[in-house]
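A short write-up of the structure that comes next.
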Amino acid sequence: MAQLKTNNKTLQIPAKLYRIGELVNYTPFSRQTIHNYTIMGLIREARWTKGGHRLYDESVFQRLSRIIQLKRTKTLVEIRRILGKEEMAARASSLGQHIMNGKETSRHNRSIETN
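Going by numbering that gives the first Met the number 0, 12 is the number at position 13 of the sequence shown; the sequence numbering is gapless.
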């Protein structure tokens with residue numbers, strides 16, 4: 000279950016894929032704001048329906064919580080830059096962990112071969 004932290008409370012969100020209308024119901028954002036944030040790249044749809052509707056996964060609620068937090072002191076352009084840097088750092092960390100796991104597997108395989 001996802002959580003959305005607003006300025007004064009934390010909302011519990013059921014796990015699934017969500018249409019824009021559902022995001023509007025669970026968050027303080029309007030349909031137009033969700034659409035604008037998607038177009039700006041602040042949030043991303045997980046997939047599309049056959050009818051062309053955007054579907055968002057649970058991670059959108061964490062992202063919207065982060066946007067709420069940043070909007071207190073930052074412009075949307077600054078928020079986009081900050082979120083981009085955070086994504087790059089997360090990817091680099093994930094890649095580093097993947098490389099370390101690969102090295103550990105290689106060491107393990109070599110130790111098996113020598114024994």
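Ideal Cβ positions, reconstructed from N, Cα and C, are used throughout, including at glycine.
When you compare only the Cα positions, how much space is there between residue i and residue j?
{"i": "T32", "j": "R90", "result": "27 Å"}
{"i": "A45", "j": "R18", "result": "10 Å"}
{"i": "I67", "j": "G83", "result": "16 Å"}
{"i": "G50", "j": "Q61", "result": "26 Å"}
{"i": "E57", "j": "E86", "result": "16 Å"}
{"i": "T37", "j": "Q11", "result": "22 Å"}
{"i": "T48", "j": "G20", "result": "14 Å"}
{"i": "S92", "j": "R79", "result": "20 Å"}
{"i": "T72", "j": "I81", "result": "12 Å"}
Over what stretch of residues does the beta strand (DSSP E) that includes residue i continue unbroken?
{"i": "L16", "result": "From DSSP, L16 is part of no beta strand (DSSP E); its letter is neither H nor E."}
{"i": "A115", "result": "Look at the range of the chain in this structure, 0 to 114, and you will see that residue 115 is not part of it."}
Does DSSP put residue i in a helix, a strand or coil?
{"i": "K73", "result": "coil"}
{"i": "L63", "result": "helix"}
{"i": "R43", "result": "coil"}
{"i": "T26", "result": "coil"}
So, for residue i: in the same chain, excluding its five sequence neighbours on each side, which residues have a beta-carbon less than 6 Å away from its beta-carbon?
{"i": "T9", "result": "Q2"}
Return the residue from the list the options that minimises the CA-CA distance to residue i.
{"i": "K4", "options": "E86, I78, L69", "result": "L69"}
{"i": "L74", "options": "G20, S92, L41", "result": "Before going further, note that residue 74 is Thr rather than Leu in the sequence given. The residue with the shortest Cα to Cα distance from T74 is L41."}
{"i": "H52", "options": "M39, R65, R30, T72", "result": "R30"}
{"i": "Y25", "options": "A88, R71, S64", "result": "S64"}
For residue i, collect the residues of the same chain with a Cβ closer than 8 Å to its Cβ; drop the 5 residues on either side in sequence, then sort them by chain order.
{"i": "L16", "result": "A45, R46, L54, Y55, D56"}
Tell me which same chain residues have a C-beta within less than 7 Å of the C-beta of residue i, skipping the five on either side of it?
{"i": "P27", "result": "T5"}
{"i": "M39", "result": "L75, R79"}
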